[in-house]
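The numbering of the sequence shown is the numbering used here, which starts it at 1 and goes up by one. For glycine and all other residues, C-beta sits at the position ideal for the given N, C-alpha and C.
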Amino acid sequence: MTSEGSRATGISTAILALYLIYLIIPIALLFVGSVGETWSNTLLPTGSTWQWYLQVQADPSFRKAFWSSLIICCATVIGCVVIGTPMAYAIGSANHRGVRLAAGIISLLPVAAPSIVLAFGMMLVFSTDTLPLLGTTWLMIAGHVVLWLPYYLQTVLTDLSQSRLNELELAAESLGASFRNRFFDIVLPTLSHSILSGAIMVAALSIGEFQLSNLIAGFLNRTYPIILLQAFYGATGFACAATVVLLLLAAFASLGGALSARGAAGAKGGAA
1 MTSEGSRATG ISTAILALYL IYLIIPIALL FVGSVGETWS NTLLPTGSTW QWYLQVQADP
61 SFRKAFWSSL IICCATVIGC VVIGTPMAYA IGSANHRGVR LAAGIISLLP VAAPSIVLAF
121 GMMLVFSTDT LPLLGTTWLM IAGHVVLWLP YYLQTVLTDL SQSRLNELEL AAESLGASFR
181 NRFFDIVLPT LSHSILSGAI MVAALSIGEF QLSNLIAGFL NRTYPIILLQ AFYGATGFAC
241 AATVVLLLLA AFASLGGALS ARGAAGAKGG AA
């Protein structure tokens with residue numbers, strides 16, 4: 001390796017290290033603060049205690065917000081899978097390139113529009129006497145599905161473009177298999193790993209969503225990130241513990257998505 005190549009590698013490594021430090025330090029401080037007894041005008045907290053986690057668990061508003069987030073998250077995942085899987089299949093199977101391009105652009109529109117814009121639009125439409133849905137759980141679920149469906153679609157479409165699904169379907173069709181049999185016996189098993197990866201990614205994103213939820217949620221269905229904001233007006237240790245709970249939920253979902261994606265790659269490598 002030349003001296004210039006070594007220098008470039010060293011600079012890249014240093015930049016990566018600085019980025020990791022910038023990313024890890026705030027998270028590490030949250031974990032430290034969540035078990036610190038007191039933290040006031042010092043670099044690190046003094047003492048150690050688990051009382052903050054016990055207080056989060058005992059707080060009825062946090063328990064209710066936790067279950068609201070879990071319900072909305074599960075419903076969002078189901079909605080994205082039920083709507084997104086046939087949509088991805090239709091986009092990937094379209095013969096006309098213009099149709100595929102138009103469908104892809106439409107599926108990405110929620111990504112181009114900030115979530116706060118979508119939230120204001122929902123506030124205007126669903127706060128009328130005709131559609132009095134503002135503040136309901138159903139609207140929260142619909143909003144989350146609109147936000148995260150494009151991410152699910154891209155995950156499935158990427159897998160679909162790399163598979164030999166068309167060949168398998170043509171072979172099955174030549175043997176007399178109906179569309180229903182082909183879809184449930186060939187398409188879904190072939191895309192099972194990407195469906196799982198997309199679902200877990202949607203779960204991780206939905207758990208931590210704040211902007212849209214904060215504007216359209218009702219008092220009785222506030223999600224965990226919304227109620228978490230209130231914690232920072234109280235004890236620092238309590239706020240840190242409540243944030244760590246949210247981080248762990250998102251981390252477990254992300255880890256599951258990474259493992260399922262790795263399993264998909266391994267399965268395809270073995271098949272090849």
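*Could you please give the first and the last residue of the uninterrupted beta strand (DSSP E) stretch that includes S48?*
Element bounds for S48: 46-48.
_Please report the distance separating the alpha-carbon of V202 from that of I186._
The C-alpha of I186 is placed about 24 Å away from the C-alpha of V202.
*Could you tell me the boundaries of the beta strand (DSSP E) in which E37 lies?*
In the DSSP annotation of this structure, the continuous segment of the beta strand (DSSP E) that includes E37 starts and ends at 36-38.
*asked:* So for P114, helix, strand or coil by DSSP?
replied: P114 falls in the coil class under three-state DSSP.
*For L131, which residues from the same chain have a beta carbon less than 8 Å from its beta carbon, with the 5 sequence-adjacent residues on both sides left out?*
Its chain contains V125 as the residues whose beta carbon lies nearer than 8 Å to that of L131, once the 5 sequence neighbours on both sides are disregarded; these appear in chain order.
*asked:* Under 8 Å: do the region 139-151 and the region 205-213 share three or more Cβ pairs, one atom per stretch?
replied: Segments in contact, yes.
*Rounded straight-line distance, which links the Cα of G198 to that of G208*: Between G208 and G198, the C-alpha separation is close to 16 Å.
*In terms of residue numbering, what span does the alpha helix (DSSP H) encompassing Y89 cover?*
Where Y89 is concerned, the enclosing alpha helix (DSSP H) stretches over 60-93.
*Endpoints, the alpha helix (DSSP H) within which P225 is located*: In the DSSP annotation of this structure, the continuous segment of the alpha helix (DSSP H) that includes P225 starts and ends at 224-231.
*Taking only beta-carbon atoms, is T85 less than 8 Å away from chain C?*
Judged by its chain identifiers, the structure shown contains no chain C, having just a single protein chain.
*Can you tell me where the alpha helix (DSSP H) with F179 in it begins and where it stops?*
Its alpha helix (DSSP H) spans residues 179-182.
*Are T155 and N221 touching if we call contact CB-CB under 8 Å?*
Against a cut-off of 8 Å, the Cβ pair of N221 and T155 comes out as no contact.
*asked:* For A272, count the other beta carbons within 10 Å of its own beta carbon; 16 or more makes it buried, fewer makes it exposed. Which is it?
replied: A caution first: A272 carries a pLDDT of 47, below 50, which makes its placement in the model unreliable, though a value can still be read off. Around the Cβ of A272, a 10 Å sphere holds fewer than 16 other Cβ atoms; the residue is exposed.
_Simplified DSSP state of S163, which is helix, strand or coil_ = In the structure shown, S163 falls within a coil segment according to DSSP collapsed to helix, strand and coil.
*Local conformation of G176 per DSSP, three classes*: In the structure shown, G176 sits in coil (DSSP, three-state: anything other than H, G, I, E or B).
*asked:* Please classify W148 as buried or exposed, where buried requires at least 16 neighbouring CB atoms within 10 angstroms.
replied: Answer is buried; the Cβ neighbour count reaches 16.
*asked:* Taking 8 Å as the cut-off, does the region 34-46 touch the region 232-247 (at least 3 CB pairs, one atom from each stretch)?
replied: Here the region 232-247 lies against the region 34-46, with 3 or more beta-carbon pairs under 8 Å apart.
_Give me, in chain order, the residues of the same chain whose beta-carbon lies closer than 6 Å to that of T190; leave out the 5 immediate sequence neighbours on both sides._
Closer than 6 Å at the Cβ level, and outside the excluded window around T190, lie S163, L165.
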